[in-house]
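Q: Residue numbers for the sequence shown follow the UniProt record's numbering, beginning at 1 and rising by one. Quick reminder that beta carbons are idealized off the backbone N, C-alpha and C, glycines included. Here it is, the structure in full.
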Amino acid sequence: MAANGNSVVCDSYDRTVEKTRLVRNVITEFTGNPPKDYQHIHGVKTVIENYPHPNIHSVPSSHTIPVGPGDVWEKMTDWDQLTPAEQNSNKNFLLERFAVDDLELAYDEYYPKFGKLPTVHDYRVFILNWEAQMKQDLETKDDSIHQLSNRESNLRLALDHTVMHSVNQQGQINNLLSDNESLNDENSVLTTQRNQLSNDNRGSYEMIIGSLVVIITENTQLQTENTQKDSTISELQTENTQLQTENTQKDSKIKNLNSETKNLKKDNILLYQKLEETTEICEQKDRQLRIQKIKVDDLQYQMSETGDRIARLEKVNEDKCDEINRLIGNNDEQAEHIREQNNTIDDLRHRLQEQESINRDLYSQIAELRQLVLAQIGAAEE
């Protein structure tokens, strides 16, 4: 029954949201104040839904009941159905992981999202997802703040550069205006002097006229210089506009560089993963080489023991050869024992032949061992 109720609520989510909006408007219209919280809205909504309609005989239910103030876990719809041990387990689970304010905040956000009061299980699942979403949003905001801070620093540097350039241009403009005012003052002084000379001495009219012509020429030149300075100011303003355009282009380049930096970080992560895989393969090969080195050491030890055996056998052969030589040297003195000595010599020769056969087998085995060791050493070096 509870599963069917949850399915109906999920399928009619838009209708539940519309009912919630209507109940909120009704509360505001009748009381003149907005609802206190979503428990207030849910209580009024439950009263309306459970109020018997005169045209029906059954009372529909939303499978939820209004709850009053209290601890968050006591507001769960199935809290009273849990055993005391289950209640303590769920209470400890919530209090160990979350603050009371966070529990209340998550509870207040549950109802407008799902349109019903939560069960204990639904609330535990919701608050875990809610906490993960909050952490993810916080990390996203931190990244955005860091990016905005970097952008603000870059813009501030560009602004400082532009302001400094503007201040320099304003200083040049002020100098030009000061020069223009000085020239205007000089022109005024000259005009005053001309009037004074005209009043003082009418007889020097021609001279004054000549002076006026000179002054007019100088004034014309000054006006020409002012026109040139105005042109210079216009050019400076044009350069300022170009600088602003260049700053905009630099901001675009900075954005592109940031995007390229992110791509490089992704490539570095892939390269690091490949490096770890290569390192693991090298470690495996190193272990194989150590195992092969141990086998080579064992074979070298066996060869050493075999060489010792050969040396001992060669010593035995030398002793027997000395014995044969001694017997031959004493052949004249032991003529009476020639037959016995001959038999002894024949027997020794037979044994020597057997020993030589054994020696040849040993030499053959040593040669095979040497070839095997050389082959394994060559494989280990590869």
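Could you give the residue range of the alpha helix (DSSP H) that holds Glu356?
A: Counting along the chain, the alpha helix (DSSP H) containing Glu356 begins and ends at Ile338 to Glu381.
Q: Measuring only the C-alpha atoms, how far is Leu155 from Gln223?
A: Rounded to the nearest angstrom, the two C-alpha atoms are 41 Å apart.
Q: Are there 16 or more other CB atoms within 10 angstroms of the CB of Lys75, so buried, or fewer, so exposed?
A: Counting Cβ neighbours within 10 Å, Lys75 comes out buried, since at least 16 surround it.
Q: When the distance is taken between beta carbons, is His42 closer than 8 Å to Ser105?
A: Note on residue identity: the sequence assigns Leu, not Ser, to residue 105. It is not a contact, given that the beta carbons lie outside the stated cut-off.
Q: Cβ atoms of Ile173 and Ile233: under 8 Å apart, would you say?
A: Contact flag set, yes.
Q: Do the CB positions of Ile310 and Leu362 come within less than 8 Å of each other?
A: Taking 8 Å as the Cβ cut-off, Ile310 and Leu362 qualify as a contacting pair.
Q: Can you tell me the Cβ-Cβ gap for Leu369 and Leu299, rounded? I've got them flagged as a contact below 8 Å.
A: Contact holds; Cβ gap of about 7 Å.
Q: In terms of residues, what are the limits of the alpha helix (DSSP H) holding Val100?
A: Per DSSP, Val100 belongs to the alpha helix (DSSP H) from Val100 to Phe114.
Q: So the candidates are Ser357, Leu372 and Asp251; which of them puts its Cα closest to the Cα of Arg151?
A: Ranking the options by Cα distance to Arg151, first place goes to Asp251.
Q: Looking only at its chain, what residues have a beta carbon closer than 7 Å to the beta carbon of Gln147, apart from the 5 residues adjacent to it on each side?
A: Contacts found: none.
Q: So, at 7 Å on beta carbons, what are the nonlocal neighbours of Asn25 in its own chain, with the 5 sequence-adjacent residues on each side left out?
A: For Asn25, where only same-chain residues beyond five positions count, there are no Cβ hits under 7 Å.
Q: Just tell me which of Thr220, Asn219 and Val72 has its CA closest to the CA of Gln87.
A: Considering only alpha carbons, the answer is Val72.
Q: From the DSSP output, in three-state form, read off Gly32 for me.
A: Correct three-state label for Gly32: coil.
Q: Which stretch, first to last residue, makes up the alpha helix (DSSP H) that contains Met91?
A: Looking at the sequence provided, one finds Lys at residue 91 rather than Met. Pro84 to Arg97 is the extent of the alpha helix (DSSP H) around Lys91.
Q: Can you give me the Cβ contacts of Asp332 inside the same chain, cut-off strictly under 7 Å, excluding the 5 residues immediately before and after it?
A: Nothing listed; no residue qualifies.
Q: Classify Thr16 as buried or exposed, calling it buried when 16 or more other Cβ atoms lie within 10 Å of its own Cβ.
A: Per the 10 Å Cβ criterion, buried.
Q: Among residues of its own chain, excluding the 5 on either side of Leu313, which ones have a beta-carbon nearer than 8 Å to its beta-carbon?
A: Closer than 8 Å at the Cβ level, and outside the excluded window around Leu313, lie Gln355, Ile358, Asn359 and Leu362.
Q: Return yes when the Cβ of Pro35 is within less than 8 Å of the Cβ of Ile48, no when it is not.
A: Contact flag unset, no.
Q: Taking Cβ to Cβ, would you say Gln196 is nearer than 8 Å to Asn240?
A: It is not a contact, given that the beta carbons lie outside the stated cut-off.
Q: DSSP state of Gln273, grouped into three classes?
A: Note: Gln273 maps to helix in three-state DSSP.
Q: For Leu94, does the count of other Cβ atoms within 10 angstroms reach 16, so buried, or fall short, so exposed?
A: Classification of Leu94: buried, given that the 10 Å Cβ count is 16 or more.
Q: For Asp332, which of helix, strand or coil comes out of DSSP?
A: Reduced to three states, the DSSP call for Asp332 is coil.
Q: Which residues mark the beginning and the end of the alpha helix (DSSP H) in which Lys75 is found?
A: Unbroken run through Lys75: none, as it is neither H nor E.
Q: Quick check on Asn187: does DSSP put it in helix, strand or coil?
A: The answer is helix: DSSP assigns Asn187 an H, G or I state.
Q: What first and last residue would you give for the alpha helix (DSSP H) that runs through residue 434?
A: The displayed coordinates of the chain run from 1 to 382. Any statement about residue 434 would go beyond what the structure contains.
Q: In angstroms with no decimal places, state the Cα-to-Cα distance between Leu378 and Leu264.
A: Here the sequence assigns Gly to residue 378, which means Leu is not the residue at that position. C-alpha separation (whole angstroms): 42 Å.
Q: Taking just the CA atoms, how far does Cys282 sit from Ile366?
A: The straight-line gap from Cα to Cα measures roughly 34 Å.
Q: Taking the C-alpha atoms as reference points, what is the distance between Asn187 and Gln237?
A: C-alpha separation (whole angstroms): 29 Å.
Q: Is Gln81 helix, strand or coil by DSSP?
A: Gln81 falls in the coil class under three-state DSSP.
Q: Nearest to Ile127 by alpha carbon, out of Leu138, Tyr110, Phe114 and Asn268?
A: Per the Cα distances, Tyr110.
Q: Alpha carbon to alpha carbon, how far is Gly329 from Leu348? Give it in angstroms, no decimals.
A: Spanning the two alpha carbons is a distance of roughly 16 Å.
Q: So which of Thr261, Asn180, Thr248 and Val214 has the shortest CA-CA distance to Asp230?
A: With distances taken between Cα atoms, Asp230 lies closest to Asn180.
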